[in-house]
Ligand code: CP
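Residue numbers (the numbering used here): 4 to 337.
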């Protein structure tokens, strides 16, 4: 694996390796000293052309926990506002010696362009491009599903190697969601069954070719007792640029597709509630659902650090360098 651009590029073995490695990384993060020397001397550039809270912070945390040097670039306040292109921005950052470039961009395909253009010599990691892909989000979602629903010991359980037989409902604004696209591909690769639930106006053209079922009725899908429901953010910023009109009113959207206390109560006892964030509380998810004990939304964020550590480690250290910190030879045995 030289880059991570799309979950569609991952084989089952590669995906399982990332999830297993994330489990090892998470174990190191329970220690008093969380920092590992693994990527000492390497430079990770975070190149964010679009807003982000969770992804940007967790990539920065992940790189720093692996002892990499981190350069954070945000388009806002940079020479992009003077018209500088992706190419010239990438060449400038390459001049600083990037070993990996983590890129979020509003244009679908920008990470692929960066990876194939020769503008950077480093590994390219897609941190979300347009409505296309968000592979590390899907990986952290799979990791979270695995910990809660597969085997008694989750990721540490040798039987918990994949998600065979799990049923995951992904609900809401599928049309604009790179999270949905990435998850459908990855969850299918890992053996889970996915049902997309959305109003017809928010289902992408060509969805018949995706490896999943599609429903327009959330209550019907909840009746099938899914193991997890993943609520999607209604992406109003992408709707307004398309002239709006995807649903009659927020209230009607919530009635048809919102996860509220009644629907929460209808889920099986073991089912978990997921959301990639940021949430529109009161629109796609009520406070009852977002704050319920079965919501794993905050845990998804925490798992994002371990998963991104695993991705950077596998891309930059090639699996050759030990995960565990080396003993300090200058320190006497205790
Ligand atoms: N889930 C996610 O990508 O969140 P951010 O936009 O805050 O990074």
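For glycine and all other residues, C-beta sits at the position ideal for the given N, C-alpha and C.
Heavy atom of the ligand CP within 7 Å of residue i beta-carbon
| i | result |
| --- | --- |
| residue 280 | yes |
| residue 140 | yes |
| residue 58 | yes |
| residue 289 | no |
| residue 2 | Given a span of 4 to 337 for the chain in the structure shown, any question on residue 2 remains unanswerable. |
| residue 137 | yes |
| residue 133 | no |
Residue i, buried or exposed, once every other Cβ within 10 Å from all chains shown has been counted against 16
| i | result |
| --- | --- |
| residue 66 | buried |
| residue 21 | buried |
| residue 279 | buried |
| residue 40 | exposed |
| residue 156 | With a pLDDT of 41 at residue 156, under the threshold of 50, the modelled position of that residue is not reliable, and the figure given next carries that caveat. Looking at its Cβ environment, which holds fewer than 16 other Cβ atoms inside 10 Å, residue 156 is exposed. |
| residue 174 | buried |
| residue 102 | buried |
| residue 124 | exposed |
| residue 180 | buried |
| residue 36 | exposed |
| residue 255 | exposed |
| residue 269 | exposed |
| residue 121 | exposed |
| residue 202 | buried |
| residue 108 | buried |
| residue 281 | exposed |
| residue 223 | exposed |
| residue 56 | exposed |
| residue 92 | buried |
| residue 296 | exposed |
| residue 162 | In this prediction, residue 162 has a pLDDT of 48, which is less than 50 and means its spatial position is unreliable; what the coordinates show is noted afterwards. When all chains shown are included, residue 162 counts as exposed. |
| residue 220 | exposed |
| residue 272 | exposed |
| residue 227 | exposed |
| residue 321 | exposed |
| residue 231 | buried |
| residue 78 | buried |
Chain-order list of residues whose beta-carbon lies under 6 Å from that of residue i (same chain, five-residue window excluded)
| i | result |
| --- | --- |
| residue 253 | 286 |
| residue 42 | 69, 70, 71, 319 |
| residue 266 | 225 |
| residue 127 | 6, 104, 114, 117, 118 |
| residue 213 | 187 |
| residue 13 | none |
| residue 289 | 263 |
| residue 348 | Outside the modelled stretch of the chain, which goes from 4 to 337, sits residue 348, for which no answer is possible. |
| residue 338 | Beyond the ends of the chain as shown, which are 4 and 337, falls residue 338; an answer cannot be given. |
| residue 45 | 71, 102, 319 |
| residue 196 | 170 |
| residue 94 | 122 |
| residue 58 | 130 |
Residue i - partner residues in DSSP beta bridges
| i | result |
| --- | --- |
| residue 33 | Answer is none; residue 33 lacks a bridge partner. |
| residue 127 | 104 |
| residue 284 | 288 |
| residue 51 | 77, 107 |
| residue 136 | 132 |
| residue 298 | 276 |
| residue 231 | 171, 275 |
| residue 115 | According to DSSP, residue 115 bridges with nothing at all. |
| residue 196 | 170 |
| residue 7 | 128 |
| residue 314 | Paired residues: none, contrary to the question. |
| residue 22 | For residue 22, which the question treats as bridged, DSSP gives no partner whatsoever. |
| residue 217 | 199 |
| residue 262 | 288 |
| residue 46 | 72 |
Same chain, Cβ closer than 8 Å to residue i, neighbours up to 5 away in sequence not counted
| i | result |
| --- | --- |
| residue 185 | 9, 10, 136, 137, 138, 140, 141 |
| residue 292 | 234, 262, 263, 264, 266, 267, 276, 298 |
| residue 17 | 4 |
Sequence-distant residues of its chain with Cβ nearer than 7 Å to residue i (five each side left out)
| i | result |
| --- | --- |
| residue 62 | 49, 105, 130, 311 |
| residue 111 | 132, 133, 134, 135 |
| residue 143 | 303, 306, 307, 310 |
| residue 235 | 173, 174, 175, 176, 177, 180, 182, 183, 287 |
| residue 250 | 202, 204, 256 |
| residue 64 | 308 |
| residue 24 | 313, 316, 317 |
| residue 159 | In this prediction, residue 159 has a pLDDT of 43, which is less than 50 and means its spatial position is unreliable; nothing more can be read from the coordinates. |
| residue 190 | 145, 166, 171, 197 |
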